[in-house]
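>
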Amino acid sequence: MIGLIGAGKVGSSLARFFYEYYVHKSIDSLALSSVYSKHVTSANETISLLKKISCNQATACIPKVANSIAELVKNSDIIFVTVPDSVIPFVDEELSLLGKEALKDKLLVHCSGVLSAISALKKSSVLTDTVSLHPMLAFNSKETSIDSIQKAFFTLEGSNAGIQKIKTILNETGIEHTVLSNDASPDDLKAKYHLASVLVSNCVVGLFSMGQDLLCECGFSKEESLKALSPLFINNANNIIEQGVSHALTGPVLRNDAITVKKHMNGLNDNDIELYRLLSQKLYEISKNKNPQKDYNEIKKLLFSEDKK
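Under my numbering, read the sequence shown as residues 2 to 310, first letter to last.
(1) With contact counted as at least three CB pairs below 8 Å, one residue from each stretch, are the stretch 171–181 and the stretch 99–106 in contact?
(2) Can you give the Cα-Cα distance for residue 16 and residue 251, rounded to whole angstroms?
(3) Give me the Cβ distance between residue 71 and residue 44, rounded to the nearest whole Å; I'm assuming they're in contact under 8 Å.
(4) If you reduce the DSSP assignment to three classes, tell me which class residue 28 lands in.
(5) With DSSP as the reference, label residue 37 as helix, strand or coil.
(6) Note down the Cα distance separating residue 209 from residue 198, rounded to an integer number of angstroms.
(7) Taking 7 Å as the threshold (C-beta atoms), are residue 10 and residue 152 in contact?
(8) Determine the direct distance from the alpha carbon of residue 156 to that of residue 20, and round the result to whole angstroms.
(9) My output table needs one value for residue 59: the three-state DSSP class, helix, strand or coil.
(10) Given residue 269, which residues of its chain have a CB within under 7 Å of its CB, disregarding the five upstream and five downstream residues?
(11) Which residues in the same chain as residue 149 place their Cβ atom closer than 8 Å to its Cβ, once the five residues preceding and following it in sequence are excluded?
(12) Please state the DSSP three-state secondary structure of residue 131.
(13) Which one or two residues does DSSP pair with residue 80 in a beta bridge?
(14) Quick check on the DSSP output: the beta strand (DSSP E) that includes residue 179 runs from which residue to which?
(15) With a Cβ-Cβ cutoff of 7 Å, do residue 108 and residue 125 count as a contact?
(16) How is the alpha helix (DSSP H) around residue 275 delimited, first residue to last?
(17) In chain order, what residues of the same chain lie with their CB nearer than 7 Å to the CB of residue 52, ignoring the 5 residues before and after it?
(18) Provide the residue span of the alpha helix (DSSP H) that contains residue 209, from first to last.
(19) Can you name, in chain order, every residue of its own chain whose Cβ lies under 6 Å from the Cβ of residue 212, other than the five neighbours on each side?
(20) So the candidates are 76, 28, 140; which of them puts its Cα closest to the Cα of residue 36?
(21) Could you work out which residue in 2, 168, 184 is closest to residue 177 when comparing CA atoms only?
(22) In whole angstroms, what is the alpha-carbon distance linking residue 266 and residue 253?
(23) Which partner residues of residue 157 appear in the DSSP bridge assignment?
(24) What span of residues does the alpha helix (DSSP H) with residue 140 cover, start to end?
(25) So, with DSSP's three-state summary, where would you put residue 295?
(26) How far does the alpha helix (DSSP H) with residue 261 in it reach, from first residue to last?
(27) Around the C-beta of residue 235, are 16 or more other C-beta atoms found within 10 angstroms, so that it is buried, or is it exposed?
(28) For the alpha helix (DSSP H) holding residue 187, just list the boundary residues, first then last.
(29) Assign residue 65 to one of three DSSP states: helix, strand, or coil.
(30) For residue 29 and residue 18, I'd like the C-alpha separation in whole angstroms.
(31) Using alpha carbons as the reference points, say which of 87, 141, 96 lies closest to residue 79.
(32) Within 10 Å of its beta-carbon, does residue 59 have 16 or more other beta-carbons around it, so buried, or fewer, so exposed?
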């Protein structure tokens with residue numbers, strides 16, 4: 002059975018997902034034993050959300066609110082640690098104090114995007130198998146939709162035995178996933194993986210904000226800038242998803258339009274020019290790969306020059 006330590010957005014949403022598949026798909030491996038949180042009210046809220054899913058089915062086993070981590074571990078085979086990264090060390094400490102016998106044959110799973118299985122659960126990983134399972138999805142509430150979770154891509158890293166157990170669960174629910182692996186250390190691997198997620202989810206917010214600011218300098222209101230940029234943003238995102246990065250790329254760098262790029266750079270302050278230059282250098286590389294016969298020397302000189310403008 003599965004137990005969850007932490008009843009915030011991630012923990013509650015995953016609990017709802019597991020419980021949905023247990024109740025309506027009869028996947029016994031997703032049965033929940035209990036939920037634990039330092040804030041009992043939060044754990045009770047999660048249980049209330051699960052009761053909505055059960056629809057009063059007599060066969061549905063409603064998990065309990067555990068009074069302690071020790072109680073949850075005793076009644077669970079797989080323990081998900083779904084607390085903020087800063088809290089994981091405290092949970093790790095408490096788990097390790099339970100001892101090897103209490104953790105025997107248990108699997109510990111944390112959901113941090115940037116921490117490896119061992120670095121997050123340093124002490125308890127010595128006593129039992131540990132896995133890092135990260136959904137590439139922004140959880141904006143305790144009721145993140147079941148459909149959103151099912152469509153999200155998950156990544157795994159950790160002990161081989163633990164990974165196989167989690168892969169079985171993911172396969173049963175139809176979730177796409179991969180195991181992170183290369184010659185780098187687990188910590189470096191997770192950091193690079195997490196960076197990729199941040200670039201396309203968080204950093205793009207900064208770029209969008211920069212675009213809004215530039216439009217506001219042209220007389221747009223904040224609301225107008227949002228409305229004006231939204232179709233561009235959404236259509237380009239869809240093109241990337243449907244056609245890939247190379248086919249989605251348009252604009253002055255692809256066209257080798259150095260005159261337009263120069264005008265862009267003249268309208269930016271030093272910090273923004275550097276950002277524009279670095280991003281455009283990436284676009285230059287994509288353009289060269291897309292059009293290997295085209296002469297991009299003019300745009301290359303402009304983008305890779307040490308001169309600010």
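Glycine is no exception: its CB is placed at the ideal position from the N, C-alpha and C atoms.
A quick look at the data gives this:
(1) Verdict: no, contact absent.
(2) 42 Å
(3) About 15 Å separates the two Cβ atoms, so there is no contact after all.
(4) coil
(5) Residue 37: strand per DSSP, three-state reduction.
(6) Rounded to the nearest angstrom, the two C-alpha atoms are 17 Å apart.
(7) no
(8) Approximately 21 Å, taken between the alpha carbons.
(9) Note that residue 59 scores 45 on pLDDT, short of 50, meaning its location in the model is unreliable; the coordinates nonetheless yield the value given after this. Reduced to three states, the DSSP call for residue 59 is coil.
(10) 277
(11) 138
(12) strand
(13) 4, 109
(14) Looking at the DSSP string, the run of the beta strand (DSSP E) that includes residue 179 is 178–180.
(15) no
(16) Unbroken alpha helix (DSSP H) run through residue 275: 271–291.
(17) 63
(18) Residues 205–217.
(19) 230
(20) The shortest C-alpha separation from residue 36 is found at 76.
(21) 168
(22) 12 Å
(23) 134, 180
(24) Taken as a continuous stretch (DSSP letters only), residue 140 belongs to no alpha helix (DSSP H), as it is neither H nor E.
(25) coil
(26) 259–267
(27) exposed
(28) Counting along the chain, the alpha helix (DSSP H) containing residue 187 begins and ends at 187–199.
(29) Per DSSP, reduced to three states, the secondary structure at residue 65 is strand.
(30) 13 Å
(31) Closest by alpha carbon: 96.
(32) Here residue 59 scores only 45 on pLDDT, less than 50, and its place in the model should not be relied on; the value that follows carries that caveat. Exposed: under 16 other Cβ atoms inside 10 Å.
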